[in-house]
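Structure first, then comments.
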Amino acid sequence: MIYFLIVLTVSAVATYALTPPVRRMSLRLGIYTGIRSRDIHTEVKPRWGGVAIYFGMLAGIGISALIPLFSGIFADLTQIMGVILAMTLIMVTGMADDAWDIHWLIKLAAQIGSGVLLVIHGIQLEVMPVGWLGVGGPLLQGLLTIFLVVLTINAFNFIDGLDGLAAGVAAIGGAAFFMYSYLLTLAIREFEPSHLVTLLMAVLVGSCLGFLPHNFYPSKLIMGDTGAMLLGFVMATGAVIATSSLELHQEQFRFRNIPAYMPVLLPLAVMVLPVLDLVLAVIRRALRGQSPFAPDRGHLHHKLLDSGYSHAQAVLLLYLWAGLIAFGSISFNFLSWQLVTASMILTLGIATVLTLGPGMRKRVRATNRRSAARLAEEGPG
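In terms of our numbering, the sequence shown opens at residue 270 and continues consecutively.
What follows is the structure, given as structure tokens:
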């Protein structure tokens, strides 16, 4: 564990240190947000924060190459090079979009390209979590891998609407995925391929933690598409790599009574918030006859602000939901399902009350005002 914490710390420190110069570079080059009707912020913000996240991740991966514990990952550089190349493609595409608002089809092509790079370098879905059902031939495996990568990238990109939201949700989800992968590695007494997943989650969490002091409300800069797409890509990559261990450990790959397909389900559980926001946005825009990538003010974080939450309160509430979903999912692996279920029902109930409370109070006050106005118009008697 100590070596993973070293990698995490290096990523965090590197990201934290690189963010101020990246901010200055963004301002110098004029890469900052305008003020749009759908935006929450009321002042311009530098947009290239994701560049610092990218190099923070590379710093963590680089230091891990010097640690003997990770020698198995770097003995064959095929997979790690595929990940780095795809990360670079996503980063460059995000920088271009943050600078020039490139067409959404170009972004989609780059996202597909990142998935193709993974497949070319031997990273792809091989089994499905249903009775050890194989995905099929290499073509189908590759297509499903690309689909998962594109879905996850856009899910994280869609929730990047409040200061600190995407980085915090990614850090929470990544921390849960890290713990699961690390403990799973110990359980099966092998270091491949779950070991690479754990390393990727360590650099993901570290980079997010290093970026958050600059990005939490009120932020000094935003991560932009550069950062949001990168976080989604790394999370998706971890999910894809984890599935390759299912076929290798069909009998051993069990933790208590949880089936061995948890590496697939856990990332999906972690991504409930961004994926839900993505699905609702696509449906909402389709009903309006708009492109699914057309921006609007209908996201979950907009709804929380409209219901009466402050900016920071809305972000913290979404952190709460992300934590409940992510850590609640992995708890089933280590605790009795009765205890976890009871705890989840209680905490989800509390979270629901906290989420809906301000909006309900706001509606009650509006109803009371309308009633009072109607009574005043009718007069006494």
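The beta-carbon is built from N, C-alpha and C at its ideal position, and this holds for glycine as well.
Helix, strand or coil at residue i [DSSP, three-state]
i	result
Y301	strand
P487	coil
Y578	coil
M492	coil
S605	coil
L549	helix
E646	helix
L394	coil
L431	coil
M270	coil
R557	coil
G406	coil
I422	helix
Separation of residue j from residue i, as counted between CA atoms
i	j	result
A583	L274	30 Å
I734	V622	Outside the displayed range of the chain (270 to 650) lies residue 734, so it cannot be described from this structure.
A435	D494	11 Å
I422	A555	20 Å
I300	T467	34 Å
F480	R639	46 Å
E646	A445	57 Å
L354	F416	18 Å
G592	S598	10 Å
L420	S600	26 Å
M613	H372	42 Å
L431	A620	19 Å
F343	L335	10 Å
M492	L465	25 Å
V276	S340	14 Å
N484	T414	31 Å
A365	Y578	33 Å
D367	T454	38 Å
V361	K376	10 Å
L471	Y451	Rather than Leu, the amino acid found at residue 471 in this sequence is Ala. The straight-line gap from Cα to Cα measures roughly 10 Å.
L409	A497	27 Å
M270	G558	50 Å
G433	Y486	7 Å
A378	T616	41 Å
G382	I359	9 Å
L394	R297	43 Å
P407	I389	11 Å
L387	V352	6 Å
R523	A440	Any reading at R523 needs caution, since the residue's pLDDT is 44, under 50, leaving its predicted position unreliable; the model's value is listed next. The straight-line gap from Cα to Cα measures roughly 26 Å.
L338	M504	22 Å
G501	Y272	24 Å
E312	A456	50 Å
G443	W369	30 Å
R293	Y285	14 Å
M356	A642	58 Å
A281	L473	9 Å
G411	V385	7 Å
G318	I428	16 Å
S488	L644	46 Å
H580	L490	15 Å
L625	T610	22 Å
V291	L499	16 Å
T278	G325	10 Å
F596	A424	19 Å
G437	Y588	7 Å
T288	L327	14 Å
L604	L374	45 Å
E520	V418	Caution is warranted here: a pLDDT of 48 is assigned to E520, below 50, making its placement in the model unreliable, and the coordinate value is therefore given only provisionally. Roughly 28 Å between the two C-alpha positions.
I594	T302	32 Å
S295	L585	28 Å
N602	G618	22 Å
Residues bridged to residue i [DSSP beta-bridge criterion]
i	result
P315	Y301
State whether the segment 504-511 contacts the segment 323-341, with contact taken as three or more CB pairs (one from each stretch) at a distance under 8 Å.
Between the segment 504-511 and the segment 323-341, the count of C-beta pairs closer than 8 Å stays below three; the two stretches do not touch.
Minimum length 4: unbroken alpha helix (DSSP H) runs contained in the segment 332-381
With a minimum length of 4 residues, the continuous alpha helix (DSSP H) runs that stay inside the segment 332-381 are 340-344, 347-369.
So does the segment 470-479 actually touch the segment 339-354, counting three or more Cβ pairs closer than 8 Å?
no
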